[in-house]
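Heads up: the structure comes next, in structure tokens.
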Amino acid sequence: LNPNREKEAPSFSLFRTLGSAETSGVADTGTNILIVEDNPADVLLIREALEEHAVRANVYVVTDGEKALRFIDAGATSVPCPDLVILDLNLPRRNGREVLAHIRASEEMSKVSVVILSSSDAPRDIEETFRLGVTQYLRKPSTLSEFMQIGGKLRELLGIKPD
Amino acid sequence: MGPGSDLRATRPPFGAVPGFQIRYGFGIAIALLALGVFLTIVLRPFPQFGIVSAFVFLFGIWAAAWWGGYAPGLLVCAVLFFSIPTLRAGHLTSPGAITVPFVSTMVTCVLISAFSANRMRREITLQATNDELEGKVRERTQALEEVNADLQNRLAELETVYSELVFGLGFVGLDGKYLRVNPTLASIHGASVEAHLGRTVREMSSPTIAGSFENIYRQVLATEQPVFEQEVQDGDRCWSVSCAPVRSRGKVIGLQKIVRETTESRRAGKALHQSNERLRQANSDLEQFAYSASHDLQEPLRMVVIYSQLLQKRYSGKLGPEGQEYLGYAIDGASRMSQLVRDLLSYTRASSSEWEGVATIDPNDSIDRAMANLKVAIEQTGAQISRTAMPQVEMYPAHLDQLFQNLIGNAIKYHGKEPPAIKIGAERSAGAWLCSVADNGIGIDSKYKEQIFGVFKRLHTNAEFSGTGIGLAICQRILERRGGRLWVESEQGKGSTFFFTLPDTWER
Chain A
238 LNPNREKEAP SFSLFRTLGS AETSGVADTG TNILIVEDNP ADVLLIREAL
288 EEHAVRANVY VVTDGEKALR FIDAGATSVP CPDLVILDLN LPRRNGREVL
338 AHIRASEEMS KVSVVILSSS DAPRDIEETF RLGVTQYLRK PSTLSEFMQI
388 GGKLRELLGI KPD
Chain B
116 MGPGSDLRAT RPPFGAVPGF QIRYGFGIAI ALLALGVFLT IVLRPFPQFG
166 IVSAFVFLFG IWAAAWWGGY APGLLVCAVL FFSIPTLRAG HLTSPGAITV
216 PFVSTMVTCV LISAFSANRM RREITLQATN DELEGKVRER TQALEEVNAD
266 LQNRLAELET VYSELVFGLG FVGLDGKYLR VNPTLASIHG ASVEAHLGRT
316 VREMSSPTIA GSFENIYRQV LATEQPVFEQ EVQDGDRCWS VSCAPVRSRG
366 KVIGLQKIVR ETTESRRAGK ALHQSNERLR QANSDLEQFA YSASHDLQEP
416 LRMVVIYSQL LQKRYSGKLG PEGQEYLGYA IDGASRMSQL VRDLLSYTRA
466 SSSEWEGVAT IDPNDSIDRA MANLKVAIEQ TGAQISRTAM PQVEMYPAHL
516 DQLFQNLIGN AIKYHGKEPP AIKIGAERSA GAWLCSVADN GIGIDSKYKE
566 QIFGVFKRLH TNAEFSGTGI GLAICQRILE RRGGRLWVES EQGKGSTFFF
616 TLPDTWER
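Right under this line is the structure:
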């Protein structure tokens, strides 16, 4: 057991935002999404995509691999266990593969859906993350419309039926 | 008549006498008879000397028979016996008294002739045999001289080769002593040819390499098998030593060795290897650089494109028509650059060997995947794609997909008025599969046949046909990597056929 859990918990809630839940005016929808992404522009686009497909969720954002590991270790003690993790591969300090491996090895989050959203489409990256148990591998699209379509895929993963 | 070839060739018949001898015989007989007549007449007053002329006559008869044979002998004999009584006048006048010496002289004549003829026959035969033998000896001598001259020439040639050979050549006895060395080997050892003879290999070689040489000799003697191109290093210099047993009647009697200096070629080989290694490293660095650069360039561009599009979507109303136009150009430019960078990335990947493992793949699967990716274009243009039986090939699967996607994609994109009709085929050609993708499209002017394979080379504006001009460059790079070749045969307005080869053997 990690005695530092409680102390460190606030550090990764710095970025805590309400995402689409906020825009729709609902404080807590019960759906939690963790975004591990160091580029705020991409975080914003993910939010836009979720909004586009009316996904209402509490969105937690961590901006580097180290913080992501601590979030995972903290488990449900500080924040609710996410229903979906959106993970970048190229992260500061610890990369996405390490984070993914940590998630799959953790007690509480091992069954959580993890989507890799990376600008890499190298088969090596794809193969490795699938071996580590990724749920879906998405390449960061280079047009707005394609990016917005990601919202639909995430919605499907969360099991939310189309309105 | 002389000792002609007929005499040599055939044995003369018994009693036959050559004409010249008959003439001599007659001559001598007549001369002796003349002498007898002369003596008879001269000695008539001295009857006590009458016997002398009788002996002269007899000798004349025998000489005629000996030298001339039967005929002159008998003739002379007859003439004398009938003329002597006349000459002697009163001596041996009665027929009874003359008969006995006459007959006995005749018999003697015949016998002498016979002996003479036989002797001559033997002489002639002997002479013929002698001539024949002499001829043969001459022939043999001539042949021997020729062979000898030939041998001398060959020996001289061998000697030249031996002494001029750029390789050191030596023969070593079983006792390890040099039997013969050529000047090159002698100069390698830094001693004269003569100084080597009878000296051991250890004595003549540099101490640092004598051991290596001895090991090689021992190995050859033990196995009785040749050893080829053993590298021996002596300080800065390198030698390649080949050694083989020398056999006589199946028994090893010594060793032959060939020494070649390889210092220069080894140095060159090493330098080549080093520069190859540097080149490989540089190439790999460049590939890595291009990959990173295009990947890192891609990211900010993606932001520019998407956020410009977001701006267009959210705020186009506030920009006004002119602002919207400007933003449109900005988005077009950024999108295009984004595409270029992506293409550059694919291009650098097309030659990367560590991309994926090579596998034996069915090109039909690649064609199917390419067609699935091109589904929209195929439906829009009504393209008909046919193919012959395709062979299994060894390749990077992603590369073959890319190859077919680019070639089929081009065949559809650059179609003419008719809907595209594309034929994909494969046939055997000189240790390779020759694949082809033929279309009925707009074709290519022959002067652009090479240019189209360049990176970002295009023959049309974006308004005519969209694209960045990387497809064929990627295809070419993939095929270069695969050891193959890509080319086009085309006529403007009459369609194009792209050919590529996939050799059976290639360097992975």
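The listed protein sequences correspond, in order, to chains A and B.
Under the working numbering, the first residue of the first sequence is numbered 238, with each subsequent residue one higher.
Under the working numbering, the first residue of the second sequence is numbered 116, with each subsequent residue one higher.
Every residue, glycine too, gets a C-beta built ideally from N, C-alpha and C.
Measuring CA to CA, which of the options is closest to residue i?
{"i": "phenylalanine 384 (chain A)", "options": "A:Leu354, A:Ser347, A:Leu394", "result": "A:Leu354"}
{"i": "asparagine 332 (chain A)", "options": "A:Thr366, A:Arg284, A:Thr380", "result": "A:Thr366"}
{"i": "alanine 545 (chain B)", "options": "B:Arg596, B:Val491, B:Pro618", "result": "B:Pro618"}
{"i": "glycine 569 (chain B)", "options": "B:Asp458, B:Ala386, B:Phe161", "result": "B:Asp458"}
{"i": "serine 356 (chain A)", "options": "B:His410, B:Gly598, B:Glu440", "result": "B:His410"}
{"i": "lysine 377 (chain A)", "options": "A:Gly370, A:Asp320, A:Ala294, A:Asn276", "result": "A:Asn276"}
{"i": "lysine 428 (chain B)", "options": "A:Glu285, A:Val280, A:Asn269", "result": "A:Glu285"}
{"i": "glycine 369 (chain B)", "options": "B:Phe286, B:Leu426, B:Leu394", "result": "B:Phe286"}
{"i": "alanine 526 (chain B)", "options": "B:Glu309, B:Tyr444, B:Tyr511, B:Ile500", "result": "B:Ile500"}
{"i": "serine 605 (chain B)", "options": "B:Gly558, B:Ala504, B:Gly586", "result": "B:Gly558"}
{"i": "cysteine 192 (chain B)", "options": "B:Asp246, B:Gln163, B:Pro162, B:Thr223", "result": "B:Thr223"}
{"i": "valine 361 (chain B)", "options": "B:Leu515, B:Thr338, B:Leu412", "result": "B:Thr338"}
{"i": "tryptophan 602 (chain B)", "options": "B:Gly608, B:Lys609, B:Leu594", "result": "B:Leu594"}
{"i": "methionine 505 (chain B)", "options": "B:Ser551, B:Phe328, B:Ala474, B:Val157", "result": "B:Ser551"}
{"i": "glutamine 386 (chain A)", "options": "A:Asn269, A:Ile272, A:Ala291, A:Pro360", "result": "A:Ala291"}
Looking at the secondary structure, which residues open and close the beta strand (DSSP E) in which residue i lies?
{"i": "proline 360 (chain B)", "result": "352 to 363"}
{"i": "aspartate 349 (chain B)", "result": "342 to 349"}
{"i": "alanine 547 (chain B)", "result": "547 to 553"}
{"i": "isoleucine 340 (chain A)", "result": "Segment 333 to 342 is the alpha helix (DSSP H) holding isoleucine 340 (chain A); no beta strand (DSSP E) there."}
{"i": "asparagine 295 (chain A)", "result": "295 to 299"}
{"i": "glutamine 408 (chain A)", "result": "The structure shown has nothing for residue 408 (chain A), since chain A only spans 238 to 400."}
{"i": "valine 374 (chain B)", "result": "366 to 376"}
{"i": "glycine 283 (chain B)", "result": "283 to 288"}
{"i": "phenylalanine 614 (chain B)", "result": "611 to 618"}
{"i": "serine 605 (chain B)", "result": "601 to 605"}
{"i": "leucine 354 (chain A)", "result": "350 to 355"}
Taking all protein chains shown into account, decide if residue i is buried (16 or more other Cβ within 10 angstroms of its Cβ) or exposed.
{"i": "tyrosine 297 (chain A)", "result": "buried"}
{"i": "threonine 260 (chain A)", "result": "Because threonine 260 (chain A) carries a pLDDT of 33, less than 50, the predicted location of this residue cannot be relied on, and no value is offered for it."}
{"i": "threonine 299 (chain B)", "result": "buried"}
{"i": "glutamine 591 (chain B)", "result": "buried"}
{"i": "lysine 372 (chain B)", "result": "buried"}
{"i": "asparagine 59 (chain B)", "result": "Outside the modelled stretch of chain B, which goes from 116 to 623, sits residue 59 (chain B), for which no answer is possible."}
{"i": "aspartate 121 (chain B)", "result": "The predicted model places aspartate 121 (chain B) with a pLDDT of 43, which falls under 50 and marks its position as unreliable; any figure quoted below should be read in that light. Flag for aspartate 121 (chain B) reads exposed."}
{"i": "phenylalanine 58 (chain B)", "result": "Since the first residue of chain B shown is 116 and the last is 623, residue 58 (chain B) is not available in this structure."}
{"i": "serine 581 (chain B)", "result": "exposed"}
{"i": "histidine 339 (chain A)", "result": "buried"}
{"i": "alanine 264 (chain A)", "result": "For alanine 264 (chain A), the predicted model reports a pLDDT of 42, less than 50, meaning its position is unreliable; a value from the coordinates is still stated below. By the 10 Å Cβ count, alanine 264 (chain A) comes out exposed."}
{"i": "valine 218 (chain B)", "result": "exposed"}
{"i": "arginine 392 (chain A)", "result": "buried"}
{"i": "phenylalanine 615 (chain B)", "result": "buried"}
{"i": "arginine 293 (chain A)", "result": "buried"}
{"i": "histidine 311 (chain B)", "result": "buried"}
{"i": "serine 481 (chain B)", "result": "buried"}
{"i": "phenylalanine 613 (chain B)", "result": "buried"}
{"i": "histidine 388 (chain B)", "result": "exposed"}
{"i": "methionine 575 (chain B)", "result": "Rather than methionine, the amino acid found at residue 575 (chain B) in this sequence is histidine. Exposed."}
Since residue i and residue j are thought to touch, with beta carbons under 8 Å apart, how far apart are those beta carbons, to the nearest angstrom?
{"i": "leucine 306 (chain A)", "j": "valine 336 (chain A)", "result": "6 Å"}
{"i": "isoleucine 227 (chain B)", "j": "glycine 188 (chain B)", "result": "7 Å"}
{"i": "serine 461 (chain B)", "j": "isoleucine 589 (chain B)", "result": "6 Å"}
{"i": "serine 379 (chain A)", "j": "serine 399 (chain B)", "result": "The pair is not a contact, with the Cβ atoms about 28 Å apart (cut-off 8 Å)."}
{"i": "valine 342 (chain B)", "j": "glutamine 334 (chain B)", "result": "6 Å"}
{"i": "glycine 291 (chain B)", "j": "threonine 315 (chain B)", "result": "5 Å"}
{"i": "leucine 282 (chain A)", "j": "isoleucine 523 (chain B)", "result": "Not quite, the Cβ-Cβ distance comes to about 34 Å (not below 8 Å), so this is no contact."}
Over the uninterrupted alpha helix (DSSP H) stretch that includes residue i, give me the two end residues.
{"i": "alanine 278 (chain A)", "result": "277 to 289"}
{"i": "phenylalanine 519 (chain B)", "result": "512 to 528"}
{"i": "valine 308 (chain B)", "result": "308 to 311"}
{"i": "threonine 299 (chain B)", "result": "298 to 304"}
{"i": "glutamate 365 (chain A)", "result": "360 to 368"}
{"i": "leucine 84 (chain B)", "result": "Nothing about residue 84 (chain B) can be read from this structure; chain B reaches only from 116 to 623."}
In the segment 274 to 287 of chain A, which residues sit with their C-beta less than 7 Å from some C-beta in chain B, listed in chain order? Listed by position along the chain: Ala278, Leu282.
Positions along the segment 419 to 434 of chain B whose CB lies within less than 9 Å of some CB in chain A: Sequence-ordered contacts of the segment 419 to 434 of chain B with chain A read Val420, Ile421, Tyr422, Ser423, Gln424, Leu425, Gln427, Lys428 [C-beta pairs closer than 9 Å].
At a CB distance below 8 Å, what residues from the segment 446 to 458 of chain B approach chain A? Give them in sequence order. Within the segment 446 to 458 of chain B, the residues whose Cβ lies closer than 8 Å to any Cβ of chain A are, in chain order, Ser450, Ser453, Arg457.
What are the residues in the segment 397 to 417 of chain B lying within 8 Å of chain A by C-beta distance? Against chain A - using a Cβ distance shorter than 8 Å - the residues of the segment 397 to 417 of chain B are His410, Gln413, Glu414, Leu416, Arg417.
The segment 489 to 520 of chain B: positions lying closer than 9 Å to chain A by Cβ: Residues are counted here when their Cβ sits less than 9 Å from a Cβ of chain A; for the segment 489 to 520 of chain B these are Ala513, given in chain order.
According to a CB-to-CB cut-off of less than 7 Å, which residues of the segment 361 to 389 of chain A neighbour chain B? Correct list: Lys377, Ser379, Thr380, Leu381, Phe384.
What residues in the segment 345 to 356 of chain A bring their beta carbon closer than 8 Å to a beta carbon of chain B? Answer set for the segment 345 to 356 of chain A: Ser356.
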